[in-house]
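All remarks here apply to the structure that follows.
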Amino acid sequence: MTARLNLFSNPTTTTAKAAGYFAMASKTILEDSALPAAIQKLVALRAPDQRLRLCHRRVE
Numbered sequence: 001m002t003a004r005l006n007l008f009s010n011p012t013t014t015t016a017k018a019a020g021y022f023a024m025a026s027k028t029i030l031e032d033s034a035l036p037a038a039i040q041k042l043v044a045l046r047a048p049d050q051r052l053r054l055c056h057r058r059v060e
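In this text, residue positions in the sequence shown follow my numbering: the first is 1, and each later residue adds one.
Below, the structure is given as structure tokens:
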């Protein structure tokens, strides 16, 4: 199944740049958080799955 709207087809688009900024911000937040290291690793493992779901969500 292909996505109807591929936000990452062109890395110079505004949406791809914004996604990169959000990824860097979330990484910074996790590094500076008070969460235990084990929880931080779980969050980091879960994050790519969430981004994949958002990229392939149908646009209606």
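Each residue gets a CB set at the ideal place from its N, CA and C atoms; glycine is no exception.
From residue i to residue j, what does the alpha carbon distance come to, in whole angstroms?
{"i": "Lys17", "j": "Gln40", "result": "24 Å"}
{"i": "Ala25", "j": "Leu45", "result": "16 Å"}
{"i": "Phe22", "j": "Thr13", "result": "14 Å"}
{"i": "Thr28", "j": "Val43", "result": "13 Å"}
{"i": "Ala38", "j": "Glu31", "result": "12 Å"}
Go through its chain and collect everything with a Cβ distance to residue i's Cβ below 6 Å, but skip five positions before and after it.
{"i": "Ser33", "result": "none"}
{"i": "Ala19", "result": "none"}
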